[in-house]
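Student: Before I ask anything, let me first share the structure, which is written out below as structure tokens.
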Amino acid sequence: MDDQDQRSHQLERLAALRAAGRDPFAIERYPRSHEAASICGDFDSLEGKRVRICGRIVAHRPMGKAAFAHLQDESGRVQIYAKRDVIGEESYEDFKRAYVGDFYGVEGTVFRTRTGEPTVEANELTLLSMCFRTLPIGKEREGEHYSSLHDVEQRYRMRYVDLLANPEAAGILRNRSKIVTAIRHFLDEKGFLEVETPVLQTEAGGASARPFKSHHNALDFDFKLRISLELFLKRLLVGGFEKVYEIGRVFRNEGISTRHNPEFTLLEIYQAYANLEDIMELVEEMYVRACTAVNGSPRFESHRRLDNGETVMETIDLGCRPWRRLRILDGISQYAGVHPDDLRNLESAREACERIGIPAEREHTVGGIIEKLHERFTQPHLIQPAFITDFPIETSPLAKKRQDNPALTRRFEVYSATQELGNAFSEINDPFDQRERFEDQAKQRAAGDEETHPMDEDFLRALEFGMPPTGGLGVGIDRLVMILTGATSIRDVILFPLMRPEKSG
Numbered sequence: 027m028d029d030q031d032q033r034s035h036q037l038e039r040l041a042a043l044r045a046a047g048r049d050p051f052a053i054e055r056y057p058r059s060h061e062a063a064s065i066c067g068d069f070d071s072l073e074g075k076r077v078r079i080c081g082r083i084v085a086h087r088p089m090g091k092a093a094f095a096h097l098q099d100e101s102g103r104v105q106i107y108a109k110r111d112v113i114g115e116e117s118y119e120d121f122k123r124a125y126v127g128d129f130y131g132v133e134g135t136v137f138r139t140r141t142g143e144p145t146v147e148a149n150e151l152t153l154l155s156m157c158f159r160t161l162p163i164g165k166e167r168e169g170e171h172y173s174s175l176h177d178v179e180q181r182y183r184m185r186y187v188d189l190l191a192n193p194e195a196a197g198i199l200r201n202r203s204k205i206v207t208a209i210r211h212f213l214d215e216k217g218f219l220e221v222e223t224p225v226l227q228t229e230a231g232g233a234s235a236r237p238f239k240s241h242h243n244a245l246d247f248d249f250k251l252r253i254s255l256e257l258f259l260k261r262l263l264v265g266g267f268e269k270v271y272e273i274g275r276v277f278r279n280e281g282i283s284t285r286h287n288p289e290f291t292l293l294e295i296y297q298a299y300a301n302l303e304d305i306m307e308l309v310e311e312m313y314v315r316a317c318t319a320v321n322g323s324p325r326f327e328s329h330r331r332l333d334n335g336e337t338v339m340e341t342i343d344l345g346c347r348p349w350r351r352l353r354i355l356d357g358i359s360q361y362a363g364v365h366p367d368d369l370r371n372l373e374s375a376r377e378a379c380e381r382i383g384i385p386a387e388r389e390h391t392v393g394g395i396i397e398k399l400h401e402r403f404t405q406p407h408l409i410q411p412a413f414i415t416d417f418p419i420e421t422s423p424l425a426k427k428r429q430d431n432p433a434l435t436r437r438f439e440v441y442s443a444t445q446e447l448g449n450a451f452s453e454i455n456d457p458f459d460q461r462e463r464f465e466d467q468a469k470q471r472a473a474g475d476e477e478t479h480p481m482d483e484d485f486l487r488a489l490e491f492g493m494p495p496t497g498g499l500g501v502g503i504d505r506l507v508m509i510l511t512g513a514t515s516i517r518d519v520i521l522f523p524l525m526r527p528e529k530s531g
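Just so we're aligned: 352 in my numbering is position 326 of the sequence shown, and the numbers increase by one with no gaps anywhere.
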């Protein structure tokens, strides 16, 4: 039956129910004594006892004088059995007309059928809500679930249906909440304070990305949606807070792919009187806690595609500490065969790229070329957890310089299963150095790079009031959840991912 047929039948049924004074939408609550899963899990103690359960009908088999159905709530599903001579003619006839997707409250007695299935025999059925569209509930055979909702775009667009039709999708999103909760508990135990900072900003800084704009009518001003949490959290360090974090939505005006969504969740952490090595230890501990929350151990499985197109399963062990430390130039030398001396200036760096067949004419800085080589050659080899350190100054406008080599910075990125899972600095607290960095970014913007960091005079003013030495970390929660749960697309770990608007008509 298609949507239109079901809708027509259900509208007729609703009209008849209302005419009989039995409007299901007038019911406000249904107190239950047990969840569905407990009927099976605690059957020995519940057999023969009266229970009240409620949920959605996901299977319906009406017969002449009796009907079987499966009722599902958040805990699971249980079979119910209704007999006409027990619940009454009127109630039974209406239940025979029920559709998959309708919500019912059931009061009855727990027993086991001749096939051995724990079941609730209904003494009373209460229609609580109605489903007017065909619900694509999948089938289960031999413990395997087979979904009837296959269209990927439809799954993401109608997530409310996807969660019902695909238990695996719901499981990934539940695990996302477990990961976020584990991170919060870990940071709270470490003495960090969770805070909230503005989404609407006059200057969207803290990252290299194009922002979205929003017009404020009363002020007649175009604000930008934040692309990062960084600069306001650092203002809190100036204001006397020493250990802060925020988990919040940020917005970057960029394309959509399996690993990018323009609206995503970012975790940022700042710890006064700490440096890059302190943050490395914190990352190792925190990621182990997050992984254990959903996998039961610091290990997880990851699919990796080989150059020949084959896919292999890798076991990633976050508990094998300390994690590998690799300088970005050493990685490029090892995996790309490009020596650090070849990257001493823009001309030689472009020549080195040309030798190995990598286009670099769009890169305006040596730092941009270094990061391009890293992503192309080193990153695919970073399977077990590793910290890549010493990023170039041109692409790290908020990180302290290395004292022995001011062309490089005290910055790391953390990788696992070939994916970047965090970015950290020993933060700049010198307001004059920071101003020079922002000015260099402005020059890069003038040369054609639209994603450079903007000048933020208020942040520079804040630094002049004094900020302590600080270690900072940024983590894309969505990508971390992808890796720890084995999801293949960022849309799988976002409840309602951004979609192109539906065409009308």
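We put the CB at the ideal spot given by N, CA and C, even for glycine.
The structure displayed is predicted, hence computed values, not measured ones.
#1: Around the Cβ of proline 411, are there at least 16 other Cβ atoms within 10 angstroms (buried) or fewer (exposed)?
#2: Just to confirm the assignment: which complete alpha helix (DSSP H) runs, minimum length 4, are found wholly within the region 139–210?
#3: Looking only at DSSP bridge pairs, what is serine 452 linked to?
#4: So, isoleucine 209 versus alanine 191, is the Cβ gap smaller than 8 Å?
#5: Quick one: give me the first and last residue of the beta strand (DSSP E) that isoleucine 414 is part of.
#6: Go ahead and label aspartate 188 buried or exposed: buried means 16 or more other beta carbons lie within 10 angstroms of its beta carbon, across all protein chains shown.
#7: Among all the DSSP beta bridges, which residues are the ones paired with glutamate 220?
#8: Drop a sphere of 10 angstroms on the beta-carbon of histidine 86, count the other beta-carbons inside from all chains shown, and report buried for 16 or more, exposed for fewer.
#9: With a floor of 4 residues, list each alpha helix (DSSP H) that falls wholly inside the region 40–127, ordered by position along the chain.
#10: Just to confirm, are proline 418 and isoleucine 396 a CB contact at a threshold of 8 Å?
#11: Taking just the CA atoms, how far does valine 519 sit from serine 155?
#12: Going by beta carbon distance, what residues of the same chain come within less than 6 Å of aspartate 368, once the five residues before and after it are set aside?
#13: Using 8 Å as the threshold, is the region 74–94 in touch with the region 119–135, meaning 3 or more CB pairs across them?
#14: What is the rounded straight-line gap between the Cα of isoleucine 205 and the Cα of arginine 353?
#15: Note down, one range per segment and in chain order, each beta strand (DSSP E) of at least 3 residues found wholly within the region 322–401.
#16: Going by beta carbon distance, what residues of the same chain come within less than 6 Å of threonine 141, once the five residues before and after it are set aside?
#17: Is isoleucine 205 close to chain B, meaning its C-beta is less than 8 Å from at least one C-beta of that chain?
#18: At the level of alpha carbons, what is the spacing between leucine 381 and arginine 330?
#19: Tell me, which residues are paired with phenylalanine 137 by DSSP?
#20: Three or more C-beta pairs under 8 Å: does that hold for the region 287–298 against the region 320–334?
#21: Here's the rule I'm using: 16 or more other beta-carbon atoms within 10 Å means buried, otherwise exposed. How should valine 178 be labelled?
#22: In the DSSP assignment, find the unbroken alpha helix (DSSP H) run with glutamate 420 in it and report its ends.
#23: Note down the Cα distance separating leucine 510 from threonine 207, rounded to an integer number of angstroms.
#24: What are the residues that DSSP puts in a beta bridge with serine 283?
#25: Throw me the rounded Cβ distance for the leucine 97 and isoleucine 113 pair, which I believe falls under 8 Å.
#26: In whole angstroms, give me the CA-to-CA distance for arginine 185 and phenylalanine 94.
#27: Suppose contacts are defined by Cβ-Cβ distances below 8 Å. Is phenylalanine 277 in contact with isoleucine 305 by that definition?
#28: Take the Cβ of glycine 197 as the centre, count every other Cβ of all protein chains shown within 10 Å, and call the residue buried at 16 or more, exposed below.
#29: Out of curiosity, what's the CA-to-CA distance linking methionine 481 and glycine 502?
#30: According to the Cβ coordinates, are serine 32 and threonine 160 closer than 8 Å?
#31: To which residues does DSSP link leucine 226 through a beta bridge?
#32: With distances taken between CB atoms, is the gap from leucine 219 to phenylalanine 267 smaller than 8 Å?
#33: By alpha-carbon positions, which one of Glu150, Cys346 and Val221 ends up nearest to glutamate 116?
#34: Closest to threonine 17 by CA distance: which of Pro423, Ile358, Lys427 and Ala42 is it?
#35: Note down the Cα distance separating alanine 316 from proline 457, rounded to an integer number of angstroms.
#36: Would you call threonine 341 buried or exposed, if buried means 16 or more other Cβ atoms sit within 10 Å of its Cβ?
Tutor: So, to answer that:
#1: buried
#2: 178–183 and 185–191
#3: Gly497
#4: no
#5: 412–415
#6: buried
#7: Tyr271
#8: buried
#9: Counting only runs of 4 or more, we get 62–67, 69–72, 110–113 and 115–122.
#10: Contact: yes.
#11: 29 Å
#12: Ser374 and Ala378
#13: yes
#14: 29 Å
#15: 325–331, 337–343 and 350–353
#16: Excluding sequence neighbours, threonine 141 sits near nothing in its chain.
#17: Absence of chain B from the displayed structure is noted, only one protein chain being present.
#18: One point to set straight first is that residue 381 is arginine, not leucine, in the sequence displayed. Going by the C-alpha atoms only, they are around 28 Å apart.
#19: Thr145
#20: Between the region 287–298 and the region 320–334, the count of Cβ pairs shorter than 8 Å is below three; the stretches do not touch.
#21: exposed
#22: No alpha helix (DSSP H) holds glutamate 420; DSSP gives it neither H nor E.
#23: 14 Å
#24: His286
#25: Between isoleucine 113 and leucine 97 the Cβ distance is about 15 Å, and since that is not below 8 Å, they are no contact.
#26: 29 Å
#27: no
#28: exposed
#29: 24 Å
#30: The sequence as given places glutamine at residue 32; serine does not occur at that position. Contact: yes.
#31: Bridge partners of leucine 226: Leu251.
#32: yes
#33: Glu150
#34: With the chain covering only 27 through 531, there is no way to say anything about residue 17.
#35: 36 Å
#36: exposed
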